[in-house]
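Notes for the one structure printed next.
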Amino acid sequence: VFEREGKIEAAEKAYTRQIVVNPMHARARFDLGRIWLKQGQRARATHVWRELMDTRPELREECLPLLLGVYQLMGQTGEAQKVMAEYLRTVDEHTRGLLQDIRLIATLKEAATYEALPPEQQPDFVRMFWQRRDPTPATPGNERLVEHYRRVLYAMQHFSTGRKPWDRRGEIYIRYGEPAHKSRSGDVRYETDPDVVRVKERLWLGIPVDGRKEIIARMGRLRTSLQDVAIQDEYGLEVTVNDFEAIDFELNPNRSRFGATSYNQVSTDRYQPTVELSGYDRGASDKTVRGYPLYPIDSGTRWEYWIYPDVAGGIEVVFTALDRKGNYIYPDIPQGRSESHFNMGLWTDRRPDRQVASAIQAQADLMPPFDDVLNFHFDAVDFQGKDEYSRLEVYYGVPLANLPDSVQATGVLERGIALFDSTWRPVYRKMAPLPFAVDATDSLGAGDLAVDQIALNLSPGNYHLGVEVRSPKGNMRSAYTRSLTVEPYTGPSLMLSDIEMAGLVVEDASSKVKGGHKVVPMPSKTYLPGQPVTIYYEVYGLTFDEFSQTRYQMDYKISPRKGKPLVVTILRAVGTLLGIEEKKEVTISYEQVGTRKTEHNYLEIDVKGSEAGRYELEVAVTDLNTGTKVAKDVVFFIAR
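Take the sequence shown: its position 522, counted from the start at 1, is 1262 in my numbering, and no numbers get skipped.
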């Protein structure tokens, strides 16, 4: 009682007294764990539920979803997976199969591919499936997999009274999780969240006026008559009801009032409104319908609808239950009214099962984003490595101005990297500190970054790269994943490394790579007005002439995505300037004579007076001894 009334402290005392009287009162201990969770005492809650799972098997299914959810909140994904591994060893084969069935959230293509594989290849597909969906690839735990387990267990418990293992609500819940809005017959809840309201209004305005009239005519207990309704304005936004017939007046909700002698004899003529409506249909008298589904449901039918603003541009999923057991299904096309016949094509196109199928095709599943996002920039470029390897460099840049004072005070973040081969098998994974310093007397701007980098010697090939940055306590974090190809740089042919966007390039005798240059990366690839734009790259496989010299030309072409060309003043570069050509794009040409097959080059330009925007920079290198040419390009930005 105390808990239902929101008296959390009183509820805690009551459950504690029950345990004192009867230390074996497992239900009281379970409920006490829920109270502790509401109070923010997550560690105590997990301890009591973990103990109950071991000692009271009858409460295991109730404890497990809560336990998984709390472990996720605490960032202890590894513990959650450990608990699930123990649980999976104890359940029957059918339950284990449900928990491990990826088709519950897979795309249609993924499901078809999985089913076509021989059984011995399916485990590898499942491993790749979950690794692709891991929101934090640099850590060993997989939050998406844990969330999937939690959703399946929740569906088994809460959506299975009418159908095993779950009804249609369970299917949607497993794919998309908890909806942003729920409303049901008997517990009508109006939309208040702005994102939810936008979805509701968009869907409502997308329904023709005749469809809106039928929805309003059928909904709500205040309107029990089957007479047609009238919508007053051109867009169907003003609806009134003054038709109060007793609920027992029309015992058969399918019986026609349009001249037919039975509900199977519905007039095919376009219906005519017969009454004016007053403003008593709650939720339907304003600019939109609130709290009710946007599909015609008779008032005596149990219904429920969920709204997901972040699925396929925003969807509403409608369910109905035609039996007392509560087997919720998708509603059928409405029948029994002349406007239903008129709107048949509309409701056929908008059938909830079709809406769900369309949403799944557009977005097969949904994982909620992190609560506190720690945005950062990253980039990855490759160079020639040792022997037959290539060197992949990964750069991190965290905007310091975005960090709260509590994180700035620590002077350290954590950055992670995970590298997978083309089949998503782990190649390398590591979390490490990312130290930074903030001067309390300085004001931080948008361009102030905490920068770090990591270099890996890898065999050339295709990889999947995951990067992550989080605060020391893990309460702020972000992660990104992208596919990349590490190029080979072996052999005698002319080759060009990737182009590294840099904030600074200086000679440094202590540097063991990059030809004795210290290069400070610019992971954001974004330069403030007045900040020099700098690049670094390497050239391999230059040939010698009869004087044992190399001769090559470097052409830099800079093109704006739109607008005026870049305003350029050269500050520093390698080689002898041949000229600058300024047309729609700017072309800068240099020539260099050297004595090495490998060269380490840079270019630094002043772009003051240039328009803000996106620019593409192409570097082309021509070996003047052979005429061979190679080129690569990169995109950078000038901020406003």
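A virtual CB, placed ideally from N, CA and C, is assigned to each residue, including glycine.
Does DSSP put residue i in a helix, in a strand, or in coil?
| i | result |
| --- | --- |
| residue 1193 | strand |
| residue 1206 | strand |
| residue 1424 | Residue 1424 lies beyond the residue range present for the chain, which begins at 741 and ends at 1380; the question has no answer from this structure. |
| residue 1240 | strand |
| residue 1198 | strand |
| residue 1392 | The requested residue 1392 does not occur in the structure, where the chain is confined to residues 741 to 1380. |
| residue 1228 | coil |
| residue 890 | helix |
| residue 1389 | With the chain represented from 741 up to 1380, any question about residue 1389 goes unanswered, as that position is not in the structure. |
| residue 1144 | coil |
| residue 1211 | coil |
| residue 1235 | strand |
| residue 1093 | helix |
| residue 937 | helix |
| residue 1435 | What is shown of the chain runs 741 to 1380, which leaves residue 1435 out entirely. |
| residue 1378 | strand |
| residue 1058 | strand |
| residue 1110 | coil |
| residue 1221 | strand |
| residue 1247 | strand |
| residue 1005 | Only weak support is given to the placement of residue 1005: the predicted model assigns it a pLDDT of 38, under 50, and the question is left unresolved by the model. |
| residue 1038 | coil |
| residue 794 | helix |
Going by the beta-carbon positions, is the gap between residue i and residue j smaller than 8 angstroms?
| i | j | result |
| --- | --- | --- |
| residue 1370 | residue 1238 | no |
| residue 1028 | residue 944 | yes |
| residue 913 | residue 805 | no |
| residue 1244 | residue 1372 | no |
| residue 890 | residue 838 | no |
| residue 1402 | residue 1140 | This structure cannot speak to residue 1402, because the chain is shown only from 741 to 1380. |
| residue 917 | residue 1092 | no |
| residue 818 | residue 881 | yes |
| residue 1296 | residue 1362 | no |
| residue 1283 | residue 1202 | no |
| residue 1335 | residue 1234 | no |
| residue 1089 | residue 1261 | no |
| residue 887 | residue 812 | yes |
Output the boundary residues of the beta strand (DSSP E) element that contains residue i.
| i | result |
| --- | --- |
| residue 774 | Residue 774 -> not in any beta strand (DSSP E); alpha helix (DSSP H) instead, spanning 766-778. |
| residue 1046 | 1042-1048 |
| residue 1270 | Where residue 1270 is concerned, there is no enclosing beta strand (DSSP E), given that its DSSP letter is neither H nor E. |
| residue 1170 | 1166-1175 |
| residue 1156 | 1152-1161 |
| residue 1124 | 1117-1124 |
| residue 922 | 921-924 |
| residue 1135 | 1130-1139 |
Since residue i is in the alpha helix (DSSP H), which residue starts that stretch and which ends it?
| i | result |
| --- | --- |
| residue 1052 | Here residue 1052 belongs to no alpha helix (DSSP H), and DSSP marks it neither H nor E. |
| residue 1262 | Per DSSP, residue 1262 belongs to no alpha helix (DSSP H) and is neither H nor E. |
| residue 760 | 748-761 |
| residue 949 | 949-958 |
| residue 910 | 908-916 |
- Message: Give the list of continuous beta strand (DSSP E) stretches no shorter than 3 residues that lie fully inside the region 1344-1376.
- Response: You should have 1353-1363.
- Message: Threshold first: 4 residues or longer. Then list the alpha helix (DSSP H) segments lying entirely within the region 1272-1346, N to C.
- Response: Within the region 1272-1346, no complete alpha helix (DSSP H) run reaches 4 residues.
- Item | Length at least 4, wholly inside the region 803-884: the alpha helix (DSSP H) runs in chain order | Counting only unbroken stretches of 4 or more residues, the alpha helix (DSSP H) elements lying wholly within the region 803-884 are 817-828, 833-840, 848-856, 862-872, in sequence order.
- Message: Three Cβ pairs or more, each shorter than 8 angstroms: is that satisfied between the region 1282-1302 and the region 1345-1363?
- Response: Yes: at least three Cβ pairs fall under 8 angstroms.
- Task: Check whether the region 1188-1199 touches the region 1127-1145, taking contact to mean three or more Cβ pairs, one atom from each stretch, closer than 8 angstroms.
- Result: Contact holds: three or more Cβ-Cβ distances are below 8 angstroms.
- Does the region 1207-1227 come close enough to the region 1114-1130 that 3 or more CB-CB pairs lie under 8 angstroms? Short answer: they touch.
- Task: Please determine if the region 1152-1161 and the region 1228-1237 are in contact, where contact requires at least 3 C-beta pairs separated by less than 8 angstroms.
- Result: Result no; under three Cβ-Cβ pairs closer than 8 angstroms.
- Does the region 1252-1268 come close enough to the region 1309-1319 to have 3 or more Cβ pairs within less than 8 angstroms? Too few Cβ pairs lie closer than 8 angstroms, so no.
- Message: Is it the case that the region 1042-1055 contacts the region 909-927, given that we only count it when at least three CB pairs across the two stretches are under 8 angstroms?
- Response: Result yes; three or more Cβ-Cβ pairs closer than 8 angstroms.
- Task: Could you tell me whether the region 1029-1038 touches the region 1076-1093, using the rule of 3 or more Cβ pairs below 8 angstroms?
- Result: Pairwise C-beta distances place the region 1029-1038 in contact with the region 1076-1093, as three or more of them are shorter than 8 angstroms.
- Taking one C-beta from the region 742-756 and one from the region 769-776 each time, how about it: are there three or more such pairs within less than 8 angstroms? The region 742-756 vs the region 769-776: in contact.
- Query: Quick one: any contact between the region 1101-1112 and the region 932-942, if contact means 3 or more CB pairs under 8 angstroms?
  - Reply: The answer is no - the region 932-942 does not touch the region 1101-1112, with fewer than three Cβ pairs under 8 angstroms.
- Item | the region 896-905 / the region 1050-1069 touching (three or more Cβ pairs under 8 angstroms) | With three or more CB-CB distances shorter than 8 angstroms, the region 896-905 counts as touching the region 1050-1069.
- Touch test, the region 1337-1350 against the region 1269-1278, Cβ-Cβ under 8 angstroms, three pairs minimum: The region 1337-1350, when compared against the region 1269-1278, does touch it at the 8 angstroms Cβ threshold.
- Task: Count the CB pairs spanning the region 919-933 and the region 844-864 that are closer than 8 angstroms, and state whether there are at least three.
- Result: Pairwise C-beta distances place the region 919-933 out of contact with the region 844-864, as fewer than three of them are shorter than 8 angstroms.
- Query: When the Cβ atoms of the region 845-855 are set against those of the region 777-792, are three or more pairs found closer than 8 angstroms?
  - Reply: Because the criterion of three Cβ pairs below 8 angstroms is not met, the region 845-855 and the region 777-792 do not touch.
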